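Remarks on the structure that follows.
Protein chains: 2
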Amino acid sequence: MKKQEKLALVESALEDFYGDQQFASSLRESVLYSIHAGGKRIRPFLLLEVLEALQVTIKPAHAQVAAALEMIHTGSLIHDDLPAMDDDDYRRGRLTNHKKFGEAMAILAGDALFLDPYALIAQADLPSQIKVDLIANLSLASGSLGMVAGQVLDMEGEHQHLSLEELQTIHANKTGKLLAYPFQAAAIIAELAPEIQVKLKTVGELIGLAFQVRDDVLDVTASFEEIGKTPQKDLQAEKSTYPALLGLEEAIAFCNQTLDQANAKLEEITQQVPFETESIVKVVESLRINA
Amino acid sequence: MKKQEKLALVESALEDFYGDQQFASSLRESVLYSIHAGGKRIRPFLLLEVLEALQVTIKPAHAQVAAALEMIHTGSLIHDDLPAMDDDDYRRGRLTNHKKFGEAMAILAGDALFLDPYALIAQADLPSQIKVDLIANLSLASGSLGMVAGQVLDMEGEHQHLSLEELQTIHANKTGKLLAYPFQAAAIIAELAPEIQVKLKTVGELIGLAFQVRDDVLDVTASFEEIGKTPQKDLQAEKSTYPALLGLEEAIAFCNQTLDQANAKLEEITQQVPFETESIVKVVESLRINA
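The listed protein sequences derive, respectively, from chains E and H.
According to numbering that gives the first Met the number 0, the residues represented by the first sequence are 0 to 290, in order.
According to numbering that gives the first Met the number 0, the residues represented by the second sequence are 0 to 290, in order.
See the structure below:
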C-alpha cells in the first residue's frame with residue numbers, strides 16, 4: 000500500500016470519529032483545527048508501515064489505532080503551547096489552539112484528545128485481547144509513566160545542568176514512548192511472540208532517541224548559519240541538549256550509532272519472523288546525519 | 000461488604016497505581032494531592048454498591064475500575080479550577096491544585112489522570128471483552144461525547160437564557176454520564192443482557208439528574224437563608240438553574256419525581272434479574288427533598 004493510501008486511511012479514521020458526531024460543535028472545531036494543523040503523521044504512518052513490513056494486511060481497524068495515537072500526540076501539542084507551559088503563539092505558521100479559540104477551549108480540546116482515543120481503539124474491529132494490550136500500552140506510554148512524566152521532568156530540568164542519562168530519561172518519556180508505540184502496537188497486532196515484541200519496541204525506542212539527537216543537532220547547525228558564530232561557544236550556556244553535553248561531532252556520531260543499533264536489531268528480528276524491513280530501514284536512514 | 004471496606008478497596012487501587020511507581024515524583028505529589036483532597040468517592044462507591052446488589056462478589060479488579068472512574072473525575076476537577084476555567088483558589092477548604100503546584104503542573108496532573116485510568120482497567124483481572132466494554136463506555140462518557148462536551152456547552156451557556164431541555168443536555172453530559180457510569184459499569188461486569196444494561200444505565204442517569212436538580216435547589220435555599228430575601232426574585236436574574244427555570248416548588252417536585260422514576264426502573268429490573276435494590280433505594284431516597 001502506498002504512503003498516501005495509508006495516510007488517507009488515518010484521515011478517514013479521524014474524520015469518522017470527529018466529523019460526523021453530534022456534540023458541542025465549537026469543541027469539534029477546536030479539536031479538528033489542531034488535528035488538521037499540518038502534522039506529518041509520522042507516528043500513525045510508522046505503525047501502518049511496520050504492520051505491512053510484518054506482512055499484515057492493513058485494514059481500517061489498524062488505521063483507527065494509528066489515529067488514536069495521533070490524537071494523543073495532538074492533545075499534547077495543544078497543552079504544550081498553553082501560556083502556563085511553553086506559551087507559544089504559533090505552530091507550523093498557524094495560530095496555536097488557545098490563540099485561536101481561547102485558553103479554556105484549548106484545555107478542553109486537549110482533554111478530549113486524551114480521553115477519546117481509547118473508545119476509538121475499543122470499538123475497532125480487532126480481537127478483544129489485542130485491543131486490551133493496545134490500550135494498556137498506549138495509556139502507559141502517554142500518562143504518568145510516559146509522556147506526561149517526561150514533560151514534568153523536562154520542565155524541572157530547564158534551568159539545570161543535566162547528565163546524559165538524565166537527558167535520555169526525559170526524552171525517552173517525553174517523546175520516545177509515543178515514537179516507540181507504533182512498533183509496539185504493530186507487534187501486538189501481528190501477535191508476535193513477547194520476546195520479539197520487546198525487540199521491535201527497542202527499534203522504536205532507538206529511532207525515537209536518534210530522532211531527538213538529530214533534532215538537537217539540526218537546531219545547533221541551523222543557528223550556526225543564522226548567527227554566524229561558532230556553535231560550540233553558545234553550547235556551553237545553552238540548556239541541556241545532546242550537542243551541549245557531547246559536543247557537536249560526538250552528538251552526530253551518537254545519532255548515527257543509535258541508527259546502526261536500530262538496523263542491527265531489525266536484522267535480528269528478520270531471522271525470527273517474516274519481516275520486510277526495507278521501508279523501515281529507509282526511515283532509519285532518513286535520520287542519519289552526514290558528518 | 001461494609002461501605003468502609005468498599006472505600007478501602009478503592010483507596011488501595013489508587014495507592015497501588017500511584018503510590019509505588021517510579022516516575023516524576025513532583026507529578027505524583029500533585030496527582031495524589033487532588034486524589035486525597037477529601038472527595039466523597041460517590042462514583043466508585045456506587046459502582047461497588049450496584050455490583051453487590053447484583054450479587055456479584057466484589058474483588059480488587061472491580062475496585063480498580065471504580066478507581067479509574069474516580070481518576071477521571073479528579074482530573075476534571077483540577078482542570079475546572081484552572082484560571083482559564085472557573086479560576087478557583089480553594090476546593091473543599093484546601094488550595095486548588097494549581098494554587099499549590101502551579102498552573103503547568105496542574106494541567107499535567109489532570110492530563111495524567113485522564114490518560115492513566117485506561118491502563119488501570121486494561122490491567123485489571125477481568126475478561127478482555129468486559130474490559131473493552133468498560134473502557135469504551137468510560138471514554139465515551141468522559142471525552143468529546145460526554146463530560147468534556149458538557150463543560151463546553153456549560154461554558155457557552157453561561158450568559159444565556161437556556162431552555163429546560165438545553166440545561167438538561169448540559170448536565171446530562173457534564174456530570175450525568177460519569178454519575179451514570181457506575182450503573183453502566185456494574186451492568187457490564189455482571190454481564191447482564193443488553194436490554195437490562197440499558198435500564199440500569201437509565202437509573203444512573205435519573206439519579207444524576209436528581210443530583211443536579213437537588214444541588215441547584217440547595218444552592219437557592221442556602222442563599223435564601225444567607226441573604227434574607229425571597230429567592231424567587233433573584234432567580235429571575237440568575238444563570239440558568241432548575242429553580243430559575245421552573246420556580247423553587249416545581250424544581251423540588253421535579254427532583255422528587257425523577258427519584259420516583261429511578262425507583263420504578265429499579266423495581267422493573269428486579270422482575271428480570273436477581274437484584275437486591277435496598278441499598279440503591281437508600282441512595283435514591285437520600286436525594287429526596289422534603290418540600
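The beta-carbon is built from N, C-alpha and C at its ideal position, and this holds for glycine as well.
Just so you know, these numbers come straight off a predicted model, no measurement behind them.
Cβ of R122/H within 8 Å of any chain E Cβ: Reading the second sequence from its first residue, position 123 is the one you call residue 122/H. In the sequence on display, residue 122/H carries Gln and not Arg. It does: the Cβ of Q122/H has a partner Cβ on chain E nearer than 8 Å.
P43/E: first and last residue of the uninterrupted alpha helix (DSSP H) it sits in: Your numbering for residue 43/E matches position 44 in the first sequence. Where P43/E is concerned, the enclosing alpha helix (DSSP H) stretches over I41 to A52.
Any chain E beta carbon closer than 8 Å to A23/H: For this step, residue 23/H is matched to residue 24 along the second sequence. Cβ-Cβ to chain E under 8 Å: yes for A23/H.
Span separating the alpha-carbon of T229/E from that of T220/E: Residue 229/E sits at position 230 when you count from the first residue of the first sequence. Residue 220/E sits at position 221 when you count from the first residue of the first sequence. Any reading at T229/E needs caution, since the residue's pLDDT is 48, under 50, leaving its predicted position unreliable; the model's value is listed next. Near 10 Å, if we compare the C-alpha coordinates of T220/E and T229/E.
Beta-carbon proximity check, D153/E vs K173/E, cutoff 8 Å: Reading the first sequence from its first residue, position 154 is the one you call residue 153/E. Reading the first sequence from its first residue, position 174 is the one you call residue 173/E. In this structure, K173/E lies closer than 8 Å to D153/E by Cβ.
Backbone secondary structure at R287/H - three-state DSSP: Translated into the one-based positions of the second sequence, residue 287/H becomes position 288. If DSSP states are grouped into helix, strand and coil, R287/H belongs with coil.
Partner residues on chain H for E155/E, Cβ-Cβ distance less than 7 Å: For the purposes of this step, residue 155/E is identified with residue 156 of the first sequence, where counting begins at 1. Simply S25.
First and last residue of the uninterrupted alpha helix (DSSP H) at H158/E: As a first step, residue 158/E must be located in the first sequence, where it is residue number 159. Where H158/E is concerned, there is no enclosing alpha helix (DSSP H), given that its DSSP letter is neither H nor E.
Spatial neighbours of L245/H in its chain, beta-carbon cut-off 8 Å, leaving aside the 5 residues before and after: Against the second sequence, residue 245/H aligns to sequence position 246. The residues are L163 and F253.
Other residues of its chain near A236/H: CB distance less than 6 Å, five sequence neighbours each side excluded: Locating residue 236/H in the second sequence gives position 237, where the first residue counts as 1. Model confidence at A236/H stands at a pLDDT of 45, short of 50, so the residue's coordinates are unreliable and nothing is read from them.
Segment limits, alpha helix (DSSP H) that includes S368/H: For chain H, the structure presents residues 0 to 290; residue 368/H sits outside this window and is missing.
Own chain residues within Cβ distance below 7 Å of R91/H, not counting five before or after: One-based indexing of the second sequence puts residue 91/H at position 92. The residues A36 and G37, in chain order, have a CB closer than 7 Å to that of R91/H in the same chain once the five nearest residues on each side in sequence are set aside.
Under the three-state DSSP convention, the category L94/E falls into: Locating residue 94/E in the first sequence gives position 95, counting from the first residue. Reduced to three states, the DSSP call for L94/E is strand.
Touch test, the region 131-144 of chain H against the region 155-162 of chain E, Cβ-Cβ under 8 Å, three pairs minimum: no
Nearest neighbour of A184/H, chosen from A52/H, D132/H and N255/H [CA to CA]: In the second sequence, the residue the question calls residue 184/H occupies position 185. It is D132/H.
Span separating the alpha-carbon of A52/E from that of F274/E: Mapped onto the first sequence, residue 52/E falls at position 53. Mapped onto the first sequence, residue 274/E falls at position 275. Using only the alpha carbons, I get a separation of about 5 Å.
Proximal residues of chain E, C-beta to C-beta of E102/H below 7 Å: Taking the first residue of the second sequence as position 1, residue 102/H is located at position 103. By Cβ distance, chain E contributes A83.
8 Å Cβ cutoff, V197/H in contact with chain E: As a working note, residue 197/H is residue 198 in the second sequence. Answer no: the Cβ-Cβ gap between V197/H and chain E never drops below 8 Å.
For L265/H and V202/H, believed in contact at Cβ under 8 Å, the rounded distance: Start at 1 with the first residue of the second sequence, and residue 202/H comes out as number 203. Start at 1 with the first residue of the second sequence, and residue 265/H comes out as number 266. Contact flag correct, Cβ pair sits at about 6 Å.
C-beta neighbour in chain H for S138/E, strict 8 Å: As a working mapping, residue 138/E is identified with position 139 in the first sequence. It does: the Cβ of S138/E has a partner Cβ on chain H nearer than 8 Å.
Neighbour flag for L144/H against chain E, beta carbons, 8 Å: Start at 1 with the first residue of the second sequence, and residue 144/H comes out as number 145. Yes, L144/H counts as interfacial toward chain E.
Chain-ordered residues of the region 29-47 of chain H with a beta carbon less than 9 Å from chain E: S29 and V30
Any chain A beta carbon closer than 8 Å to H61/H: Of the chains in the structure shown, none is chain A; the protein chains are E and H.
Boundaries of the alpha helix (DSSP H) in which F253/H is found, first to last residue: Here the question's residue 253/H lines up with position 254 in the second sequence. Run containing F253/H: L247 to T269, per the alpha helix (DSSP H) assignment.
Interface flag, V147/H vs chain E, CB-CB below 8 Å: The sequence position of residue 147/H within the second sequence is 148, counting from 1. Yes, V147/H counts as interfacial toward chain E.
Identity of the residue in M104/E, S127/E and I129/E nearest V151/H by Cα: To locate residue 151/H, count along the second sequence from 1; it is residue 152. Minimum Cα distance to V151/H is reached at M104/E.
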